Structure formats: C-alpha cells, structure tokens
Amino acid sequence: MPASKTAAARAEATDQPTTFVYDGETYTIAPSKDWDLDALDAMEEGQIVKPVKLILGTEQWATFKAKRRTIGDLNDMFEALQKAAGLAGN
C-alpha cells in the first residue's frame, strides 16, 4: 500500500484527523466516518462545492478561497481531500 494510503488508513482506523497539503496550504480533515451526512448527500447528487465546504469547515474553506480559484482548482481540492481520506478511486 502506498505511503499516503497507509497514512490515510491508519488515521481512519484510529479515528484521527488526516492532514494533507494542497497548493502550499495544510488542511486537516476528520475521519470520513465523522463527516456530516449532508456532505455525503451532496456527493451522491454530484455536487462538489457543498461537500468540500462541509468537510473543510468554514476556516479552511476561507483559506482555500483566499486565492483566486477556478473550477479546476475545486476539482483538484476534492480529489486531494478524497485521497487524504483514503477514498480516492472508490
């Protein structure tokens, strides 16, 4: 298992937050089992903005948005977030 997947799996197994870096900023997310159900609903509906906002929280969302962002940036952040949580490719 690659190191990043191992770290994500270990964090998930111990109910610890996972930290990852995106575009030079460090973000910390809760284990996916603790994510708000509204985030899951939004993902199942194909939304991206709402689940990212809910998972990152207000302060980290503001950090992400502090730079001029594009839809491509949002998609990349969503992928980075899923990878950090060990959900990429699921």
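Taken in order, the sequence shown gives residues 0 to 89; the numbers are from numbering that gives the first Met the number 0. Backbone N, C-alpha and C fix where the C-beta goes; we use that ideal spot for every residue, glycine too. Here the structure is a predicted model, which is why all the values come from computation and not from measurement.
In or out: residue i buried (at least 16 other Cβ within 10 Å) or exposed?
i, result
"T18", "exposed"
"P16", "exposed"
"I54", "buried"
"T48", "Sequence inspection shows Val at residue 48; the Thr mentioned does not correspond to that position. Answer is exposed; the Cβ neighbour count stays below 16."
So residue i packs on residue j, CB below 8 Å; how close in whole Å?
i, j, result
"A84", "S31", "5 Å"
"F63", "M42", "Wrong, their Cβ atoms sit about 17 Å apart, outside the cutoff."
"P50", "A38", "4 Å"
Out of the options, point me to the one whose CA is closest to residue i's CA.
i, options, result
"D14", "I28, D22, V48", "I28"
"G45", "T25, D35, N74", "N74"
"G56", "D35, D40, D22, R67", "D35"
Assign residue i to one of three DSSP states: helix, strand, or coil.
i, result
"E58", "helix"
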